[in-house]
Amino acid sequence: MINRQKYCVANFKMNKTIFETDQYIKKFLQLSFYNEKSLDLREKCRIVICPPFTSLNFKNKYSFRTGLYSGAQNINCNKLGAFTGEISAQIVYEAGARYVILGHSERRDHYNETNEEIKKKFSLCYKNLLSPILCIGESLDQRKNNKVEKILRTQLSESLKLENCLIIAYEPIWAIGTGETATSKIITETHQMIRKILNDIGFDGQKISILYGGSVNRNNAQELISLEDVDGFLIGSASLDHEHFYDIYKFIEESV
Ligand code: PGA
10 MINRQKYCVA NFKMNKTIFE TDQYIKKFLQ LSFYNEKSLD LREKCRIVIC
60 PPFTSLNFKN KYSFRTGLYS GAQNINCNKL GAFTGEISAQ IVYEAGARYV
110 ILGHSERRDH YNETNEEIKK KFSLCYKNLL SPILCIGESL DQRKNNKVEK
160 ILRTQLSESL KLENCLIIAY EPIWAIGTGE TATSKIITET HQMIRKILND
210 IGFDGQKISI LYGGSVNRNN AQELISLEDV DGFLIGSASL DHEHFYDIYK
260 FIEESV
């Protein structure tokens, strides 16, 4: 069995002020009994917190290693320039981000983000030493009409750059923020399908970490992380409570 890096990623979306994020991190660190031993353990499961842009520098507030990584929820597909209200890869890196969520379904839906734009964002991530977390997933209609493979294949082949550093988050749109988690069977089948597609388009699918996202919470995390093809989670609503997020993280860590 290949040992893939495990991840526990919090996506705060448009929640939490600077003050609230600071409080959250402080409480999370207290809960995880900060010490060197737990830091080593945390390398088994990387914790990435993706707060609003204003809090990307949360790590700068600590004089010690926190074992937490900062991630941005998006970047613009251009390097720099006249794009009012947007943010670049270089800016988020300098602010403290080391990861970036790309192609979240909310961005594809609300802001018409395309695979072509996501591909440009990939290049900018690599140039700026950011690790991309690519979100892919199908709608309920697409699943009902047996289009899952076609959709995922298109999302992957049209947006990926052939580079080693890559994390995938499989997030079925119908499971995001709905309280309806995909079944273990669906997740296993789909993650295996994604690995096969990755192989087909020139990657080594067995080596790439694939996270599941969509209504993950502390009640279902233990079962889901026991699935062989699940390498961690991308968590929205349940990540907003530091105790819930910590419990989910512990389940991943214990599974390694
Ligand atoms: P959720 O969101 O955990 O609230 O379903 C997941 C996501 O949007 O990444």
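Per our numbering, the very first residue in the sequence shown carries number 10; after that it's consecutive.
Even for Gly, the Cβ is constructed at its ideal location relative to N, Cα and C.
Could you compute how far the alpha carbon of residue i sits from the alpha carbon of residue j?
{"i": "L77", "j": "E237", "result": "25 Å"}
{"i": "R13", "j": "A230", "result": "18 Å"}
{"i": "F73", "j": "E252", "result": "22 Å"}
{"i": "V265", "j": "D256", "result": "15 Å"}
{"i": "R227", "j": "A247", "result": "8 Å"}
{"i": "D240", "j": "L220", "result": "5 Å"}
{"i": "Y71", "j": "E95", "result": "28 Å"}
{"i": "D209", "j": "I177", "result": "16 Å"}
{"i": "S218", "j": "E29", "result": "30 Å"}
{"i": "H200", "j": "K53", "result": "21 Å"}
{"i": "Y207", "j": "E158", "result": "The sequence given here has Leu at residue 207, not Tyr. The straight-line gap from Cα to Cα measures roughly 12 Å."}
{"i": "L65", "j": "K216", "result": "28 Å"}
{"i": "F260", "j": "S235", "result": "9 Å"}
{"i": "T75", "j": "I56", "result": "10 Å"}
{"i": "I27", "j": "G245", "result": "18 Å"}
{"i": "S41", "j": "G80", "result": "20 Å"}
{"i": "L111", "j": "N24", "result": "18 Å"}
{"i": "P141", "j": "S148", "result": "22 Å"}
{"i": "G214", "j": "I196", "result": "16 Å"}
{"i": "G211", "j": "A191", "result": "28 Å"}
{"i": "E115", "j": "V109", "result": "15 Å"}
{"i": "Q151", "j": "R204", "result": "20 Å"}
{"i": "T163", "j": "R107", "result": "27 Å"}
What span of residues does the beta strand (DSSP E) with residue i cover, start to end?
{"i": "S79", "result": "L77 to A81"}
{"i": "K15", "result": "K15 to N20"}
{"i": "S218", "result": "S218 to G222"}
{"i": "R55", "result": "C54 to C59"}
{"i": "Y102", "result": "Looking at the DSSP string, Y102 is not in any beta strand (DSSP E); the run it does join, the alpha helix (DSSP H), is A98 to A104."}
{"i": "I84", "result": "Unbroken run through I84: none, as it is neither H nor E."}
{"i": "L143", "result": "S140 to I145"}
{"i": "I266", "result": "In this structure the chain extends from 10 to 265, so residue 266 is not present and cannot be described."}
{"i": "F260", "result": "Looking at the DSSP string, F260 is not in any beta strand (DSSP E); the run it does join, the alpha helix (DSSP H), is H251 to S264."}
Would you say the beta carbon of residue i is closer than 7 Å to some non-hydrogen atom of ligand 2?
{"i": "E103", "result": "As far as ligands go, the structure on display features ligand 1 and does not contain ligand 2."}
Measure from the C-beta of residue i to each C-beta in chain B and report whether the shortest distance is under 8 Å.
{"i": "S64", "result": "You won't find chain B in this structure, because it holds only one protein chain."}
Am I right that residue i and residue j are in contact with their C-beta atoms under 8 Å? What's the rounded C-beta distance?
{"i": "L161", "j": "M202", "result": "7 Å"}
{"i": "S224", "j": "E198", "result": "About 18 Å separates the two Cβ atoms, so there is no contact after all."}
{"i": "C17", "j": "Y258", "result": "4 Å"}
{"i": "G146", "j": "Y179", "result": "6 Å"}
{"i": "L249", "j": "F67", "result": "That pair is no contact at about 15 Å."}
{"i": "L3", "j": "S193", "result": "With the chain represented from 10 up to 265, any question about residue 3 goes unanswered, as that position is not in the structure."}
{"i": "N124", "j": "A98", "result": "That belief does not hold up - the Cβ atoms of N124 and A98 are roughly 18 Å apart, past 8 Å."}
Does residue i pass the burial test, meaning 16 or more other C-beta atoms within 10 Å, or should it be called exposed?
{"i": "F92", "result": "exposed"}
{"i": "N121", "result": "exposed"}
{"i": "N69", "result": "exposed"}
{"i": "R143", "result": "Sequence check: residue 143 is Leu here, not Arg. Answer is buried; the Cβ neighbour count reaches 16."}
{"i": "H113", "result": "buried"}
{"i": "Q32", "result": "exposed"}
{"i": "C174", "result": "exposed"}
{"i": "I11", "result": "exposed"}
{"i": "N155", "result": "exposed"}
{"i": "K15", "result": "buried"}
{"i": "E186", "result": "It is Gly, not Glu, that sits at residue 186 in the sequence shown. Burial call: exposed."}
From what residue to what residue does the alpha helix (DSSP H) around residue i run?
{"i": "S193", "result": "S193 to D209"}
{"i": "I27", "result": "I27 to L40"}
{"i": "A178", "result": "That residue, A178, is in no alpha helix (DSSP H); its beta strand (DSSP E) goes I176 to Y179."}
{"i": "C134", "result": "N124 to K136"}
{"i": "L165", "result": "V157 to S168"}
{"i": "S114", "result": "S114 to H119"}
{"i": "I234", "result": "A230 to I234"}
{"i": "L149", "result": "L149 to K153"}
Using 8 Å as the threshold, is the segment 26-38 in touch with the segment 85-98, meaning 3 or more CB pairs across them? No, the segment 26-38 does not touch the segment 85-98.
Is there contact here, the segment 128-137 with the segment 159-170, by at least three beta-carbon pairs under 8 Å? Yes: the two stretches touch, three or more of their Cβ pairs being nearer than 8 Å.
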